[in-house]
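Student:
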Amino acid sequence: MLRIVNINRNVRSIRRYRQIITVLGGYGLGHLLEYLNLGQVVDFSRRVFRPRSSKAEHLTPPERLRLALEELGTTFIKLGQLLSTRADIIPASFVQELAHLQDNIPCMPFEDIRVQIEQELGVPLEHRFLSVDPEAIAGASIAQVHRARLITGEDVVVKVRRPGVVEAVETDIDILMGVALLLERHMARSDIYDPVGVVREFSYTIRREMDLTREGHAIERIRDNFKGDANLYFPRVYWEATAKGVLTTEYVDGIKVSDTCAIEAAGLDRREIAKRGARVFLKMVLEHGFFHGDPHPGNVLILQDNVICLLDFGMVGRLDPAVKRYLTDVLVAVINRDIEGLAYVIVEAGDAAETVNMQALKKSLAEFMDSYFEIPLKEIEVGRMLLEFIDLISTHRIKVHPDLTMLVKVLVVVEGMGRRLDPDFDMVGHLRPFLEREFRQQRSPGRLFHEVEQGLEGYLTLARNLPRDIREILNKVNRNKFRIDLEHRGLDRFSKELDRSANRLCLSLIIAALLIGSSIAMQGNRGPMLWGLPAFAFFGYSCAGLVGIWWMVAILRSGRL
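When the sequence shown is numbered by the UniProt record's numbering, its final residue is 561 and no position is left out of the sequence of numbers.
1) Please check the pair glycine 277 and methionine 417, which I expect to be a contact at CB under 8 Å, by giving their CB distance rounded to whole angstroms.
2) Going by DSSP, which residues form a beta bridge with histidine 58?
3) Grab the span of the beta strand (DSSP E) containing arginine 318 for me, first residue to last.
4) Name the two residues that bound the continuous beta strand (DSSP E) containing phenylalanine 234.
5) Cα separation between proline 433 and histidine 296?
6) Along the chain, where does the beta strand (DSSP E) that runs through isoleucine 308 open and close?
7) Excluding the 5 residues flanking tyrosine 238 on each side, which residues of the same chain have their C-beta closer than 8 Å to its C-beta?
8) Would you call the segment 459 to 468 and the segment 302 to 321 in contact, with 3 or more CB pairs under 8 Å?
9) Tell me which same chain residues have a C-beta within less than 8 Å of the C-beta of proline 134, skipping the five on either side of it?
10) Helix, strand or coil for proline 134 per DSSP?
11) For the candidate residues Asp112, Gln119, Glu126, Leu69, whose alpha-carbon lies nearest to that of histidine 100?
12) Which ranges does the beta strand (DSSP E) cover as unbroken runs of at least 3 residues, wholly within the segment 110 to 178, from first to last along the chain?
13) For the alpha helix (DSSP H) that contains isoleucine 390, what are its first and last residues?
14) According to DSSP, is phenylalanine 49 helix, strand or coil?
15) Below 8 Å between beta carbons: does that hold for threonine 405 and isoleucine 393?
16) Rank Gly254, Gly245, Lys244 by C-alpha distance to the C-alpha of proline 235 and give the top, closest one.
17) Pull up the distance between the alpha-carbon of valine 330 and that of threonine 205, whole angstroms please.
18) With DSSP run on the structure shown, which of helix, strand or coil describes phenylalanine 313?
19) Please confirm whether valine 285 and leucine 421 have their CB atoms less than 8 Å apart.
20) Grouping DSSP H, G and I as helix and E and B as strand, with all else coil, what is proline 534?
21) Identify every run of the alpha helix (DSSP H) within the segment 214 to 271, keeping only runs that are complete inside it and at least 4 residues long; order them along the chain.
22) Quick check: glutamate 340 and glycine 383, are their CB atoms within less than 8 Å of each other?
23) Tell me the DSSP secondary structure of leucine 301 in three-state form.
24) Which partner residues does glycine 90 have in the DSSP bridge list?
25) Distance check for arginine 223 and arginine 325, CA to CA, integer angstroms please.
26) Around the C-beta of methionine 552, are 16 or more other C-beta atoms found within 10 angstroms, so that it is buried, or is it exposed?
27) Would a C-beta distance cut-off of 8 Å place threonine 74 and serine 141 closer than the cut-off?
28) Flag this pair as yes or no: are the beta carbons of isoleucine 308 and leucine 232 separated by less than 8 Å?
29) How would you write the range of the alpha helix (DSSP H) that phenylalanine 368 sits in, first residue to last?
30) Measuring CA to CA, which of Cys261, Val428, Ile273, Ala262 is closest to asparagine 336?
31) Any idea what DSSP makes of phenylalanine 439, helix, strand or coil?
32) Can you tell me whether phenylalanine 281 is buried or exposed? The criterion is at least 16 other CB atoms within 10 Å of its CB, across all chains shown.
33) In or out: cysteine 107 buried (at least 16 other Cβ within 10 Å) or exposed?
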């Protein structure tokens with residue numbers, strides 16, 4: 001039975017591979033494959049595929065990639081959205097374009113959704129709901145949302161995972177991991193871009209997003225973090241009508257934060273809302289280390305008394321204490337314009353390459369600081385400033401924590417909403433008290449004592465394990481089983497080119513041998529004759545001519561004379 005499942009999965013993978021190559025080739029993305037050092041695939045796509053329309057030919061490479069990802073569906077849309085938060089590994093032009101990825105696709109028929117709800121909950125629909133609106137109020141690649149009413153009378157919204165989406169995503173993850181392994185072997189500077197790590201991060205994220213019970217737990221965790229805060233409201237989760245593929249939450253009727261006219265008409269205070277929103281977000285990040293990862297205007301509602309309601313917790317970010325400390329130190333150094341301190345923080349806390357040029361890094365940081373020197377602090381857009389900062393340090397081969405890049409993107413959105421509500425919105429002013437408090441806590445005697453205690457505990461563990469580790473190494477040496485594995489990166493491409501050159505040389509020798517042998521046979525004028533010529537000579541000349549023509553065509557089509 002297991003073999004049959006594996007065969008079916010492999011067949012799906014082959015079909016999906018073909019679809020992916022067709023779509024990428026159809027949008028003329030050979031340059032992208034070439035950028036990834038997949039030269040053979042580029043040659044193949046150039047020979048087989050052409051852009052599917054004149055419109056595609058006139059699009060920019062980032063636009064072609066976005067359209068290709070949208071056409072490839074759920075997994076690749078989500079991958080594009082993840083990459084749009086990774087300004088440290090892809091160019092800024094691609095980051096900006098991928099941020100426009102559309103996750104809105106046609107909703108599925110209600111009959112399919114009804115079957116999915118009943119399968120997930122394990123009971124007929126009528127046992128949980130008095131009614132479910134057949135028309136979806138929102139649709140995305142993973143799930144779609146319907147208005148409903150529970151049998152207890154509460155108005156709710158039901159988020160239902162699309163049937164078949166799990167199997168499709170798993171197939172795509174297998175394909176992406178295979179591509180990532182190839183890139184890690186062949187792509188220059190793969191240690192910086194870490195394609196396997198990106199795919200692992202992506203697979204972890206999308207699998208969590210497909211489990212809707214995790215979203216319910218995220219709502220309750222953030223609600224508990226803000227317990228007693230009257231400025232926030234979170235929809236209730238109805239667990240009796242929730243499963244891995246179904247999430248039922250309270251229906252909340254409010255005003256979208258982007259509808260400033262309706263906010264003013266309702267007599268609400270736009271400045272107060274902007275201030276509360278900034279404080280809520282900064283508290284989630286710098287105090288709780290657990291924040292809403294997609295707070296776009298459609299997910300933020302304003303209720304009476306300027307109360308803010310957050311929706312859709314499918315994407316959340318986490319910052320462990322080390323990353324929070326790194327973020328705090330970076331922001332403090334940037335605000336204080338401390339170049340030396342900032343360079344030290346980046347190299348010590350970041351994942352920097354051994355060959356990082358400190359002088360060049362400090363020069364880039366100085367130019368970065370100078371660009372903000374004459375701008376008043378209250379006019380600085382912190383989110384965009386951090387985006388520029390991440391782009392700067394990535395050019396110096398310094399990795400950035402994935403959740404930190406997500407945070408920066410979220411910060412840009414939050415700051416944009418704040419400035420739309422209040423033209424005098426000052427994110428730096430809201431940020432400074434949190435930074436000062438975090439800075440004091442990091443350097444408090446209790447925190448320092450705890451860090452020293454952890455360091456000593458680590459040294460004690462090392463001291464306990466050191467004799468055993470040394471004994472194991474010596475035993476392996478004595479048994480001639482001690483070995484060191486060396487991996488050469490970048491030699492596979494050279495080997496392939498060497499094999500290709502050797503094959504061409506052998507082919508040239510074969511053609512030359514055919515021509516010389518045929519010429520000798522022609523002079524002998526013996527054996528069977530064909531049209532008055534020796535048959536062996538005629539056959540040799542024909543083979544040499546056909547092989548030579550085929551060889552020249554292949555060289556011309558490859559573009560390498």
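Every residue, glycine too, gets a C-beta built ideally from N, C-alpha and C.
All values derive from a computational prediction rather than experimental measurement.
Tutor: On the basis of the supplied data:
1) 7 Å
2) Bridge partners of histidine 58: none, in fact.
3) 316 to 318
4) First-last for phenylalanine 234: undefined, no H or E at that position.
5) 25 Å
6) 308 to 310
7) Leu150, Glu154, Val156, Thr248, Thr249, Glu250
8) Verdict: no, contact absent.
9) Phe110, His146
10) DSSP places proline 134 within a strand segment (E or B) once states are collapsed to three.
11) Leu69
12) Uninterrupted beta strand (DSSP E) stretches at least 3 residues long and entirely within the segment 110 to 178 occur at 129 to 139, 143 to 150, 155 to 161, given in chain order.
13) 382 to 394 is the span of the alpha helix (DSSP H), which, as asked, contains isoleucine 390.
14) The predicted model places phenylalanine 49 with a pLDDT of 45, which falls under 50 and marks its position as unreliable, so this point remains unresolved.
15) No Cβ-Cβ contact shorter than 8 Å links threonine 405 with isoleucine 393.
16) Among Gly254, Gly245, Lys244, the Cα nearest to that of proline 235 is on Gly254.
17) Going by the C-alpha atoms only, they are around 26 Å apart.
18) coil
19) no
20) strand
21) 260 to 265
22) no
23) strand
24) Reading off the sequence shown, one finds isoleucine at residue 90, where the question assumed glycine. Among the bridge pairs identified by DSSP, isoleucine 90 is matched with none.
25) Going by the C-alpha atoms only, they are around 24 Å apart.
26) exposed
27) yes
28) yes
29) 358 to 370
30) A check of alpha carbon separations from asparagine 336 across Cys261, Val428, Ile273, Ala262 identifies Val428 as the nearest.
31) helix
32) buried
33) buried
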